[in-house]
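All residue numbers for the sequence shown refer to our numbering, where the first residue is 144 and numbers rise by one.
Where a beta carbon is used, it is the ideal one built from N, C-alpha and C, also for glycine.
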Amino acid sequence: MVKIRLVRQGAKGNPTYRIVVISKERKRQGKPIDTIGYWYPSKQTKKLDNDKLKFWLGRGAQLSLSLKKLIEI
Numbered sequence: 144m145v146k147i148r149l150v151r152q153g154a155k156g157n158p159t160y161r162i163v164v165i166s167k168e169r170k171r172q173g174k175p176i177d178t179i180g181y182w183y184p185s186k187q188t189k190k191l192d193n194d195k196l197k198f199w200l201g202r203g204a205q206l207s208l209s210l211k212k213l214i215e216i
């Protein structure tokens, strides 16, 4: 099963997140299949490639709960 979820990056106290497509069985920091966007909570900036999101959702990928809240589906 494939999931679309957030992967934490950045320094302590200043997190940034990549939005990735990754196998459910992989580690949190494991190698992703595809990167479809990013989110900088400190700057309130997010970018998401909607074409890639629709492609992966059409292939059966599932969104994580935190990502659902972030993109408000």
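Quick test of your reading: residue i and residue j, contact by CB under 8 Å. State the CB separation rounded to the nearest angstrom.
i, j, result
"residue 171", "residue 160", "Actually they are not in contact, since the Cβ atoms of residue 171 and residue 160 sit about 11 Å apart, beyond 8 Å."
"residue 162", "residue 181", "6 Å"
Expressed to the nearest angstrom, what Euclidean distance is found between the alpha-carbon atoms of residue i and residue j?
i, j, result
"residue 153", "residue 189", "15 Å"
"residue 209", "residue 145", "16 Å"
"residue 185", "residue 213", "14 Å"
"residue 179", "residue 211", "14 Å"
"residue 84", "residue 206", "The requested residue 84 is not part of the displayed model; the chain covers only 144 to 216."
"residue 156", "residue 194", "32 Å"
"residue 167", "residue 187", "27 Å"
"residue 200", "residue 215", "15 Å"
"residue 169", "residue 149", "13 Å"
"residue 192", "residue 198", "10 Å"
Please name the residue, chosen from the options, that lies closest to residue i on a Cα-to-Cα basis.
i, options, result
"residue 165", "157, 175, 156 and 158", "175"
"residue 177", "168, 187 and 196", "196"
Count the other C-beta atoms from every protein chain shown that fall within 10 angstroms of the C-beta of residue i, then say buried if there are 16 or more, exposed otherwise.
i, result
"residue 203", "exposed"
Would you please verify whether the beta carbon of residue i is less than 8 Å from any beta carbon of chain C?
i, result
"residue 173", "In the structure shown, chain C cannot be found, because there is only a single protein chain."
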